[in-house]
Structure formats: structure tokens, C-alpha cells
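Written out below as C-alpha cells is the structure these notes cover.
2 protein chains.
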Amino acid sequence: MIRTLYHGWLSPFSREVRIVLGEKGLDFDMVVEKVWERRPEFLAMNPTGEVPVLVETEGQVLSGAGVICEFLDESHPKDTLIGSDLLVRAETRRLRDWFGVKFYTEVTRNLVDEKLYKQFMGMGAPDSVAIRAGHENLGPNLAYISYLTERRRWLAGENFSLADVAAAAQLSCLDYMDDIPWPEVPAAKDWYARVKSRPSFQPLLEDLIPGLKPPKHYKNLDF
Amino acid sequence: MIRTLYHGWLSPFSREVRIVLGEKGLDFDMVVEKVWERRPEFLAMNPTGEVPVLVETEGQVLSGAGVICEFLDESHPKDTLIGSDLLVRAETRRLRDWFGVKFYTEVTRNLVDEKLYKQFMGMGAPDSVAIRAGHENLGPNLAYISYLTERRRWLAGENFSLADVAAAAQLSCLDYMDDIPWPEVPAAKDWYARVKSRPSFQPLLEDLIPGLKPPKHYKNLDF
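Sequence lines, in order, name chains A and B. The letter at position 90 of the first sequence is residue 89 when you use numbering that gives the first Met the number 0, and the numbering goes up by one with no holes. The letter at position 90 of the second sequence is residue 89 when you use numbering that gives the first Met the number 0, and the numbering goes up by one with no holes.
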């Protein structure tokens, strides 16, 4: 059977998995899962009720971006995205968690979830306190990306890794909503342009969410 | 130099690392870090400002329970706590995240942080809505532990793993506050008794937080 990814629109965690599948050159189908419907068949695959869920070619079910990405890197170890040196692996995972947990909680959830999901689900206007907090927290995080990339080729070291994948997946969702002040953060922008030019990233730039157009620069590699 | 763990009182994440260090038979010193003081030297080691932070024998600095435990398992691979089979490894990590992220957010933070840290920091009475949410979320999570341990020897499969470590670390903090209705959940209690009897767990049972005594059964292996 063909590998299938259950994902969500502008779900940064689904995007992490899509990039890693692309980096590893693996074929897969995608199915949009409307998580708020809480389908029993989906809950049976992942009791948390969240995307992403990956069903592998032999039917094995995996859930959670961090778990799936580690699994894909271990099952396709060529060109590792975690690193071989133990300290590089720890640094990669530290930054993966930074963007996948801390950045998501402080920024992406406040901006993307507030604006996008409330609109889709008819839950009323976005919470202005959350939106303000999201923008305020974005600044120091973009500065941290600049800080790291001024000292290293990629976020966790010399090689492109799950840290870059996690950070770019989050930023790509914010960028779709035109929430990133690129001119103010040239080093972060330079790093993001390099991620954006990777073949694994192209499918994300083709995403079109019904009723919500991205800004012109979203697809542009030279933004 | 001696390995040093910067930890916090009733910090479930610090406890995860303490158990793993014990399982691996590694010597270490412990230093209580009052994270709310935001010491510059500590922030330089971990910009998130959170415990645990582990300084290794050659001065390498690691932060975050998940990151540190993976590092310790990779650097001391004998008797792996993650597993060798790729799907077991994924299941271990799924459950580590379940307890380290979801359970912590839904339960431990609402109960332990509300009651303990507000008291220490003179932040007033605990928020009764948070306390109620914590207790309500605890039930389904204890039921999930029972469900898993009725089907498997340990949470992620046949072997004791980081999943058991993460779950028991969270529960031990709640148990110190006498927040677990053990008589109602015999299967979860049986599993916890088995974790509690491991030598790596004994130091946690000796913890005494100034001004806050644990219930009598906290230390008792036959509770």
C-alpha cells in the first residue's frame, strides 16, 4: 500500500513531516483530516486526535511530528537529518523542541490558530490579546534564528537538520498569513531563503487554502 | 569534573533525568536551580531558563528532559531505554511525549505548579479552575495507563523504557501532593509499584521539600 499522511491546512507539524518525506525521497499520498470532527477511525489511529499521522507502506501507524521524523530518519539513515555526532544530535533535538514546542506555543498557535481556525470553524473574531502576544514573541525568536545562522551554516550546525525543518515549517505557516517582518531580520531571511529553495520545500509553497490567499512573496524564492 | 544536574523541586522533567542517570548507573551531583531568579549564568546554559540542565563530565551542556534522556541512552547504549526495534522506538517516543507534553500540560501543571509554585513564590491562592481541570484530566490519563499495562508488561512494550520513566516522573510529583486516587486504578497502581521498586527510583522517594510533607504512602513500596 502507498504511504499516507493525514495532515491539516497550515499545520506546522504536518509540514515538518512533508519536508522530511521529501528530503528522504519517499512517495506518499496526503489526506486532509478535519481534526475537529473527531472521526472514530482517526482517533483509533491517534488517541490525541491530532495530525500528523503517517500510515506506512505495511500499515504501521505513527503519530506526532517529532516521533515520525525520528522514525523516518532511522528507517532511511542515508543523509541523516539528526546528525552522527552525539552532541550535534542533542543540539538538533533541542532546537527541534524549541520550534516544535516553545515557538509553536508562544507564536504560531497565537497567530495561525487564532486567525485561521476560528474563521473556519465560525468561532468568532480572533482574540486580540493572543494576536498581540504572538507578534511580541515572534521578535525574539526571529532574533534567535539570526543569532544562530550568523554563527553556523544551519541552525544546529554544519548540516541541514530536523532543527531547520521544524523552524521553517513553523515560519512557513506564519509567512502564509504574511505575519513575518522579513526586512527587519535579514539573517533569518537569508536562512529561510536557503530552506525555501530546497526541492523538499516546493510542495508547501503550492498549498492553497480555500478562501485564504497567501501574500505574493510566499511562493517567491527571491522574496 | 563531576556530572552536574541542575534541577527543581517536584520538577517532573528533572525527575525523568534523575531516573535515567540511575538506570545507567552514572554518578552525578545535583544543584537546585531557582528558575524564577533567572540567573544569567543559568540562562547562558539554557536560554529557555528551564530545568533540567545537565553538565557532562567534559563540560558539555545539555538541556530538556527528552534531549538529555536520548543523549544518555545514545552515549550509554547498554540496556537501551528506547528500544532497538524501530516501531518500539517510535512507540516509546510517542508515549514519552504523551506524558512529557500532553499529561504535563493537562494535569501536572494544573495541580503541582498551581499549588506548589504559587505558594513558594507568594503568588496567592491556586486557581480553582486550573485545579478542577487538572483533576478532571487525570482520570482519563490514569485509565490510559491501566489500558496499556493490561496489554503490555511496560507502557511501550516488553521492556522498561523512557515511556515508563516519563509517566512515573509525572505521577511521582502528583503523588507527593497526594493527588492520585490509587484505589480507583488498580492496574495503574500495580505498574507504578513496579516502577517504584526500581533502585533508580529510590532517591526520588527520599526528596523532602521544605514546608511540604508528602503523604505516608509516598515512600511506601507496598502502598
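Cβ coordinates follow ideal geometry from the N, Cα and C atoms, glycine included. In this text, all values refer to a predicted model and were calculated from it rather than measured experimentally.
- Scanning 51(A), 68(A), 64(A), 59(A) for the CA closest to the CA of residue 23(A) turns up 68(A).
- By the criterion of a C-beta distance shorter than 6 Å, residue 90(B) is surrounded in its chain by 155, once the five residues flanking it on both sides are discounted.
- In this structure residue 169(B) is in contact with residue 98(B), their Cβ atoms being roughly 5 Å apart against a cut-off of 8 Å.
- If you draw a straight line from the Cα of residue 163(A) to the Cα of residue 52(B), it is about 23 Å long.
- Listed along chain B, no residue sits closer than 9 Å to residue 215(A) by beta-carbon distance, the nearest being about 34 Å off.
- In the displayed model, residue 21(B) falls within a helix according to three-state DSSP.
- Annotation note: the stretch 3-65 of chain B contains the following uninterrupted alpha helix (DSSP H) runs of length 4 or greater, listed N- to C-terminal: 11-22, 39-44.
- Secondary-structure assignment with DSSP links residue 208(A) through a beta bridge to 211(A).
- With 16 or more other Cβ atoms from the protein chains shown falling within 10 Å of its own Cβ, residue 11(B) counts as buried.
- When Cβ-Cβ separations below 9 Å define contact, residue 110(B) makes no contact with chain A.
- Taking the beta carbon of residue 15(B) as reference, no residue of chain A falls within 7 Å; the closest one sits roughly 14 Å away.
- Taking every protein chain shown into account, the CB of residue 4(B) has 16 or more other CB atoms within 10 angstroms, so this residue is buried.
- The C-alpha of residue 118(A) is placed about 19 Å away from the C-alpha of residue 103(A).
- Taking 9 Å as the threshold, the shortest C-beta distance from residue 210(B) to chain A does not fall below it.
- Looking at the backbone, the Cα of residue 86(B) and that of residue 149(B) are separated by about 20 Å.
- If you draw a 10 Å sphere on the C-beta of residue 128(B), you find fewer than 16 other C-beta atoms in it, and that means exposed.
- Beta-bridge partners assigned by DSSP to residue 153(A): 156(A).
- When Cβ pairs closer than 8 Å are counted between the two stretches, the stretch 16-31 of chain A is seen to touch the stretch 201-219 of chain A, the count reaching three or more.
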